[in-house]
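Read through the structure below, which is laid out as structure tokens, and then see the notes.
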Amino acid sequence: MAPQFNMVSSADAPVVQATCAEYGLTEEEFSELHKRCVAAKSTAYCPYSQFRVGSSILSVEGAYFNGANVENASYPVGTCAERVAFGKAVTEGHRKIKAVAVSTDISPPASPCGMCRQFIREFCDLTVPIIMFDKDDNYTVVHLEGLLPLSFGPEALPPPGSRSS
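Position one of the sequence shown corresponds to residue 346 (our numbering), numbered consecutively onward.
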């Protein structure tokens with residue numbers, strides 16, 4: 346049975362305050378992530394699926410990076426919104442992420458796909474909140490570990506150069 350997630354309104358100030366307290370975010374960070382991931386959705390290039398996704402991530406240094414899905418006629422070549430945002434962050438030197446937000450045009454909202462979950466895991470610890478907004482600005486939030494239990498991360502590998510030939 347699939348886990349059930351509690352959907353709440355982003356317009357309910359006390360609920361947003363409680364979310365922020367639980368997940369270590371300020372209300373300003375939550376609001377900015379929400380605004381940015383919804384805006385990023387409008388930049389999606391999705392002529393084949395017509396399924397728009399926007400993402401915004403917040404680095405531990407306080408920088409925001411946005412992304413939208415970019416499809417390709419050769420379907421596997423497309424890139425998800427989350428990986429676009431992470432690619433921007435990483436190439437600008439931000440490799441530790443505090444929070445991830447995703448927005449879709451459906452309700453309940455879509456969660457990051459399996460490939461994105463593993464990609465997110467590379468740059469986030471398992472306690473990072475993943476905030477998922479639906480078409481009505483309702484949201485649910487879970488720690489990365491809830492989306493990727495028993496995950497494989499960089500700490501499972503030997504340090505670079507530690508293996509001898």
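Ideal Cβ positions, reconstructed from N, Cα and C, are used throughout, including at glycine.
In this structure, DSSP gives V429 a helical state, which the three-state scheme calls helix.
Between V415 and G423, the CB-CB gap stays under 8 Å. Shortest Cα-Cα distance from G438 to any of P453, A363, F410 involves F410. Comparing alpha carbon positions, the residue from T436, R428, P454 closest to M460 is R428. DSSP places K443 in the strand class (E or B) of the three-state scheme. Spanning the alpha carbons of N351 and T485 requires a straight line of approximately 6 Å. The three-state reading of DSSP puts G459 in helix, counting H, G and I together. When the five nearest sequence neighbours on each side are left out, the beta carbons in the same chain lying within less than 8 Å of the beta carbon of A385 are those of G399, S400, S401, N411, G412, A413, A426, A430, S448, in order along the chain.
Residues V405 of the same chain have their beta carbon placed closer than 6 Å to that of K441, with the five preceding and five following residues left out of the count.
As computed with DSSP, N411 is found in a beta bridge with S401.
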